[in-house]
Amino acid sequence: MSQQLRSHPAYDIDSLRQQFAVVRDGLTYLNHAGMSPICDPVQEAMSTAIDLMTHLGSEAYEQLRENIATSLHQDLGQLVNAEPEEIAFVENTSSGINLIANSLPLERGDAILVCDTEFPSNVYPWQNLERRGVTLQMVPTREGGLTLDEVDQGCNKHTRIIAVSAVQFFSGKRENLSQLGNYCKAHGLWLIVDAMQAAGIIPLDMKAMGIHALAAGGQKALMGPPGQGFVAIRQELLEQMTPAYVGPLSFEEWDRWLVYNRMPRQGARRFDLGTSNLIGMIGLQASVRLLLGLGIEEICTWVTHLSDLAIAQLKQMDCTMVTPESPEDHAHIVTFSVGHNPEPYVTALRKQGIILRSHYDASGNGFLRISSHAYNTEEEVLQVGHVLGDVNYEFN
Numbered sequence: 059m060s061q062q063l064r065s066h067p068a069y070d071i072d073s074l075r076q077q078f079a080v081v082r083d084g085l086t087y088l089n090h091a092g093m094s095p096i097c098d099p100v101q102e103a104m105s106t107a108i109d110l111m112t113h114l115g116s117e118a119y120e121q122l123r124e125n126i127a128t129s130l131h132q133d134l135g136q137l138v139n140a141e142p143e144e145i146a147f148v149e150n151t152s153s154g155i156n157l158i159a160n161s162l163p164l165e166r167g168d169a170i171l172v173c174d175t176e177f178p179s180n181v182y183p184w185q186n187l188e189r190r191g192v193t194l195q196m197v198p199t200r201e202g203g204l205t206l207d208e209v210d211q212g213c214n215k216h217t218r219i220i221a222v223s224a225v226q227f228f229s230g231k232r233e234n235l236s237q238l239g240n241y242c243k244a245h246g247l248w249l250i251v252d253a254m255q256a257a258g259i260i261p262l263d264m265k266a267m268g269i270h271a272l273a274a275g276g277q278k279a280l281m282g283p284p285g286q287g288f289v290a291i292r293q294e295l296l297e298q299m300t301p302a303y304v305g306p307l308s309f310e311e312w313d314r315w316l317v318y319n320r321m322p323r324q325g326a327r328r329f330d331l332g333t334s335n336l337i338g339m340i341g342l343q344a345s346v347r348l349l350l351g352l353g354i355e356e357i358c359t360w361v362t363h364l365s366d367l368a369i370a371q372l373k374q375m376d377c378t379m380v381t382p383e384s385p386e387d388h389a390h391i392v393t394f395s396v397g398h399n400p401e402p403y404v405t406a407l408r409k410q411g412i413i414l415r416s417h418y419d420a421s422g423n424g425f426l427r428i429s430s431h432a433y434n435t436e437e438e439v440l441q442v443g444h445v446l447g448d449v450n451y452e453f454n
């Protein structure tokens, strides 16, 4: 095997692994691009909050809201290098991108550019703007994602936005956001990023990369609870946006219920509507703080190394790789074909305690996808190839 074993990342992986029930249960969990398992700190934080609300009701809610409202904005701002006032909470990536899409000052004839293998969360909200005369420019995927050549060929005088996933869900391609950000700056475009597969795994610096807005749900790369995510919107873009939806918390003097003050709250707080998913926010904060404590750079280095190992092993087994092989072009996702229907392989792997998933392209061709995270080991990702070899022998 061409890749060398490193044994462990810069952080204490043994201590980290002890915080995951899936590890204690003897499972090899490699479906973090689908949904991450809840770790002990997240479960404990949410359970404590639920217990408080069980006994104290509104008093607990008010107390918990005061404790988390400011601190979670700060934590998420640190995660993506945004100001706390540029953060707002949403249910998931789709709601975040819908919020952004429907609040931007887009006009009839404007266009949004995406590649043709984006996850639907980063396609349908933009397509839905067709009712307003806004069009979607879909360009061919190259090298697993959105290349600058395709962007340059696809853009025209109507293009206002480049919308892209930081890490592509299907191919695992890690997009060059700095390059795309520079292009947008040079051409007066907005760069909007689906960060679902990236926030918490790869470093995201909105200011340095030229990202105007991003959205992410909590249950994948962030290893938080499902149903709680966030958006981050740069102040320069916030000033041009009009919220598509408003509620009691969208305006100044929001706690004076019978004073109907239509003055929008400062920053992204104008996108707050009503009662928040407080338990989800508390769980998300616990996961974000765990990841920040490990170091996002260190997590990225480790999962990229795990993917390097998997790619080298699978290539030796004559698997067809979808994921770009160069380390700077991938992170935690490795998608490949074994040349057969993937479902029997998913089942066989599950019988050995290995959880990953199948994927299908637009033509119906089947693939397998490994997606690791900070606590996975070299032995775990290499175990996939070992079992696949045994399964191939059995099936043949």
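Each residue of the sequence shown is one higher than the one before, counting from 59 in this note's numbering. Every residue gets a Cβ at the ideal spot worked out from N, C-alpha and C, and that includes glycine. Remember, predicted model here, so these are calculated numbers, not experimental data.
Contact annotation, Gly202 with Ala389: C-beta distance approximately 12 Å; criterion of less than 8 Å not satisfied. With fewer than 16 neighbouring CB atoms inside 10 Å of its own CB, Arg314 falls in the exposed class.
In this structure, Asn180 sits near Ala221, with a CB-CB distance shorter than 8 Å.
Here Arg323 carries a coil assignment [DSSP, helix/strand/coil]. Around the beta carbon of Val346, a 10 Å sphere encloses 16 or more other beta carbons of the protein chains shown; the residue is thus reported as buried. For the pair Leu130 and Met339, the CB atoms are nearer than the 8 Å cut-off. If you check the CB distance, Gly424 and Gln371 do not come in under 8 Å. For Ile291, the CB contacts under 6 Å within the same chain, skipping 5 residues up- and downstream, are Glu144, Ala271 and Ala326 in chain order. Setting aside the 5 residues that flank it on each side, Ala224 is surrounded in the same chain by Arg232, Glu233, Leu235, Val251, Asp252, Ala253, Gln255, Ala256, Ala257, Ile260, Leu262 and Leu272, each with a C-beta closer than 8 Å to its C-beta; the list follows chain order. Secondary structure at Met196: strand, using DSSP grouped into helix, strand and coil. Taking all protein chains shown into account, Lys278 has 16 or more neighbouring C-beta atoms within 10 Å of its C-beta and is therefore buried. Per DSSP, the unbroken beta strand (DSSP E) holding Ala146 starts and ends at Ile145 to Val148. Rounded to whole angstroms, the separation of the alpha carbons of Ser105 and Asp376 is 47 Å.
Out of Gly154, Ala420, Asn139 and Arg75, the CA that lies nearest to the CA of Tyr303 is found in Gly154.
Contact between the segment 330-338 and the segment 111-125 is present, with at least three C-beta pairs closer than 8 Å. For a cut-off of 8 Å, the C-beta gap from Ala91 to Ser429 is around 3 Å, short enough to register as a contact.
Here DSSP, grouped into helix, strand and coil, assigns Ile219 to strand. Three or more Cβ pairs drawn from the segment 171-189 and the segment 204-213 lie within less than 8 Å of each other, which places the two stretches in contact.
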